[in-house]
């Protein structure tokens with residue numbers, strides 16, 4: 001394999017996580033060890049910024065800033081939800097590709113790393129194929145990231161362990177709170193977490209039980225299991241009878257038997273005539289209060305859960321960093337069109353390694369929880385799931401604080417001079 | 001002052017906080033230093049459990065468990081929202097008082113400590129007056145607790161600093177997340193925090209700015225300031241123009257000019273015919289999306305914020321503990337009918353001491369943010385507020401973890417033998 005000299009470009013895409021910056025730190029740190037990599041650039045807001053030739057010089061960042069990316073949530077380079085869609089918009093896609101390769105060429109980009117989830121891996125794959133087609137010598141690697149944990153082939157996705165860890169702490173704490181207020185009347189709290197299609201995030205909160213069946217969460221509703229209202233209400237009643245309170249975790253995409261999201265009740269209109277989406281937790285609250293006359297509160301963690309670096313998983317951060325370094329090593333070794341994946345060697349003790357997977361096998365495939373990892377009644381993940389998820393939340397990322405608050409890194413983002421005319 | 005020998009009873013009341021257990025730890029620890037205090041009992045679920053003679057022997061708890069209360073959220077003895085209301089239900093109140101004093105007498109309770117907010121201090125006050133009236137020699141002390149920070153006379157309330165600290169971390173992290181996704185379209189996130197009448201909790205998130213006007217939160221809506229929709233929308237637009245994203249924090253009790261909560265829109269009915277309370281954040285989301293067509297998401301922290309001991313304030317925990325010890329010291333010194341209050345000696349450096357306040361001056365009085373601590377336009381607290389709140393969030397409570405999760409203490413709660421017939 002001939003050595004390829006040139007510049008590196010790394011960018012981030014899709015919804016941020018607590019550790020996607022750790023992957024970028026891995027890319028930058030490893031790149032610094034290879035002389036064939038000349039400049040290290042970042043693309044702002046993913047493909048969108050690259051199309052606009054918005055590159056920043058990561059070589060200008062302080063070493064401490066790059067180190068700080070290992071505990072800084074969100075996307076330090078910015079992100080986007082931009083698709084290059086040859087099927088629906090072939091002309092625009094072709095034009096975008098032309099522009100991307102103009103930018104790559106203008107800045108002698110020979111190493112391109114794209115951190116993201118399913119859509120982003122698809123984009124990376126298309127860019128790899130295009131480079132081959134055009135005979136443009138560039139090594140393209142996807143870097144896995146998604147709190148949803150729905151990428152195939154990798155044992156799990158960087159970003160997942162941290163969201164589960166924070167959500168478990170929240171379930172535990174809310175459980176202590178609601179439990180301590182529970183008198184004979186009982187009370188219920190419904191905690192809505194992310195996960196539209198796959199229930200990995202909701203399922204992960206089973207770890208908050210720490211092996212004790214009496215502890216919360218008492219019911220977990222997954223998008224994969226059709227919601228049965230009567231069975232759910234019966235289970236809430238049983239839980240109240242046993243513990244005087246009930247903590248329910250629901251994935252935002254919980255669906256009824258017809259496959260419709262229960263939170264997407266479109267019969268209500270707001271003052272502007274738009275359908276109001278109650279959200280799964282509000283809908284469940286209505287059902288519990290309406291049928292059981294039970295005091296019910298909701299918690300909607302929303303973006304807070306995927307950005308909660310102050311209680312992120314050290315294991316997750318380490319793996320995210322390792323995916324970044326592995327991508328660079330592979331690229332320097334001549335590989336392209338691949339994504340590092342995490343391979344589990346054993347669960348107890350937890351051992352893992354990194355291998356590479358063809359991007360063609362990753363793009364646009366969603367990975368769901370195996371049915372036999374969930375109890376027969378569908379209300380709780382079982383021991384198989386616990387064994388899988390438990391190692392992923394171990395260890396606490398150390399975040400420096402000042403005046404009582406986390407001190408996250410903001411990159412200086414020194415712009416790389418533009419050499420092209422603006423995008424048409 | 002003659003020494004008073006006998007047993008001690010401590011109980012918790014109202015909504016839990018991250019540090020109300022630290023106050024109980026203070027009571028128990030200090031009580032152990034005084035020979036006049038014979039047994040140390042806890043009342044389960046506040047007054048409600050005491051009426052049912054549900055006492056536990058805190059002398060049976062391990063020393064490590066008592067120490068662990070300093071980092072364990074919620075109410076380890078359970079709590080209640082039970083009122084002794086002589087005005088509305090004089091017969092029931094009189095009967096309750098008779099029963100309480102039967103229980104006190106049966107267990108030779110000579111020291112009674114009640115940790116809670118406004119209502120609970122009122123209860124403690126009534127019990128003190130009743131003891132005096134009955135000539136029953138017992139020292140009654142309130143112990144301040146409330147995340148709402150609305151008790152008068154004390155500089156601030158134990159519980160407040162911790163909820164502010166966690167909420168600030170959340171605002172910072174959500175701000176990083178939303179900011180990193182913001183492209184030219186802009187996006188908005190509305191974070192709803194507790195605070196029905198007083199806006200102390202919402203206002204506290206100003207600290208997340210860490211002195212930088214560009215950082216979130218960009219707008220804080222307080223229940224004290226009537227909501228002006230047009231001015232709010234204008235401010236959101238300005239913020240989007242400047243930063244491409246906008247983080248709004250709202251107190252749950254934000255009200256319109258007519259004094260009605262904006263989240264209590266009762267025109268919508270659920271499937272059971274009940275009015276649906278959208279909540280302030282959902283209502284604001286409708287307004288922002290409807291008028292600006294701006295992508296808007298919500299976060300509803302709910303109970304999570306007041307139970308988030310994994311990121312609690314060490315200053316807050318220390319002060320809560322100190323209030324517990326001060327209450328015991330005062331009682332042993334012959335005082336009764338008082339509550340320890342925190343007196344600020346200076347803000348920079350932060351110095352405080354504890355003095356005592358008559359419960360008659362505390363009960364049922366609410367303390368609001370001074371108007372001159374809020375900007376003229378009402379959208380952000382000013383430097384006076386920052387100087388006040390900043391010291392309260394300093395320091396991180398150290399919570400032990402195992403398998404990646406916080407390990408909170410659950411008391412063994414050895415029951416004290418009942419000697420009375422059941423409550424009539």
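Chains as they are written, first to last, in this note's numbering: chain A, 1 to 424; chain B, 1 to 424.
Every residue, glycine too, gets a C-beta built ideally from N, C-alpha and C.
Three-state class that DSSP yields for residue i in the structure shown
i	result
residue 360/A	helix
residue 113/A	strand
residue 315/A	helix
residue 290/B	helix
residue 138/A	coil
residue 38/A	strand
residue 90/B	helix
residue 305/B	helix
residue 344/B	strand
residue 75/B	coil
residue 57/B	strand
residue 239/A	helix
residue 388/A	helix
residue 255/B	strand
residue 250/A	strand
For residue j and residue i, the rounded distance between their alpha carbons
i	j	result
residue 360/B	residue 120/B	12 Å
residue 425/B	residue 17/B	For chain B, the structure presents residues 1 to 424; residue 425/B sits outside this window and is missing.
residue 321/A	residue 265/B	48 Å
residue 176/A	residue 138/A	54 Å
residue 362/B	residue 335/B	16 Å
residue 209/A	residue 216/A	6 Å
residue 44/B	residue 180/A	9 Å
residue 296/A	residue 99/B	31 Å
residue 140/A	residue 367/A	23 Å
residue 232/A	residue 332/A	53 Å
residue 54/A	residue 11/A	11 Å
residue 103/A	residue 40/A	15 Å
residue 293/A	residue 189/A	13 Å
residue 162/B	residue 392/B	8 Å
residue 398/B	residue 202/A	27 Å
residue 14/A	residue 182/B	11 Å
residue 51/A	residue 7/A	17 Å
residue 420/A	residue 108/A	13 Å
residue 92/A	residue 105/A	20 Å
residue 154/B	residue 146/B	11 Å
residue 131/A	residue 151/A	24 Å
residue 5/B	residue 157/B	31 Å
residue 33/B	residue 254/A	55 Å
residue 196/B	residue 337/B	28 Å
residue 29/B	residue 423/B	31 Å
residue 97/A	residue 244/A	60 Å
residue 46/B	residue 114/B	8 Å
residue 166/A	residue 211/A	18 Å
CB contact below 8 Å: residue i versus chain B
i	result
residue 313/A	yes
residue 221/A	no
residue 308/A	yes
residue 304/A	yes
residue 299/A	yes
residue 404/A	yes
residue 189/A	yes
is_contact[residue i, chain A] using C-beta, thresh 8 Å
i	result
residue 396/B	yes
residue 294/B	no
residue 393/B	yes
residue 180/B	yes
residue 177/B	yes
residue 333/B	no
Self-check item: Length at least 3, wholly inside the stretch 163 to 204 of chain A: the beta strand (DSSP E) runs in chain order
Solution: 187 to 193
Practice problem: Count the C-beta pairs between the stretch 76 to 86 of chain B and the stretch 405 to 416 of chain A that are closer than 8 Å, then say yes if the count reaches three, no if not. | Solution: no
Self-check item: contact_flag[the stretch 21 to 35 of chain A, the stretch 66 to 74 of chain A] where n(CB pairs < 8 Å) is 3 or more
Solution: yes
Practice problem: Would you check if the stretch 221 to 232 of chain A and the stretch 315 to 330 of chain A touch, i.e. whether three or more CB-CB distances between them fall below 8 Å? | Solution: no
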